[in-house]
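Trainee: Residue numbers (my numbering): 93 to 167.
Right under this line is the structure:
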């Protein structure tokens with residue numbers, strides 16, 4: 093979706109969400125037991141960042157939905 097209609101743009105938020113997911117994946121790929129507290133804290137921070145970007149993206153997508161809410165998952 094572009095800003096041609098004066099609304100928010102989805103592409104930058106989607107890009108940041110995907111970047112956060114890739115960073116989390118790289119962090120997980122480097123895990124070797126035993127996992128220390130610093131590694132666990134970094135993972136917690138990465139997951140919080142990923143969740144935040146996902147929520148922002150979902151909220152932007154929902155703006156175009158009926159009632160302004162993203163539909164509930166069937167899962």
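Every residue, glycine too, gets a C-beta built ideally from N, C-alpha and C. As the structure is a prediction and not an experimental result, all values here were calculated from the model.
(1) Please tell me whether residue 124 has its Cβ less than 8 Å away from any Cβ of chain B.
(2) Which of helix, strand or coil does DSSP assign to residue 101?
(3) Taking all protein chains shown into account, do 16 or more other C-beta atoms lie within 10 angstroms of the C-beta of residue 103, making it buried, or fewer, making it exposed?
Mentor: Reading off the structure:
(1) The structure shown contains no chain B; it is built from a single protein chain.
(2) coil
(3) exposed
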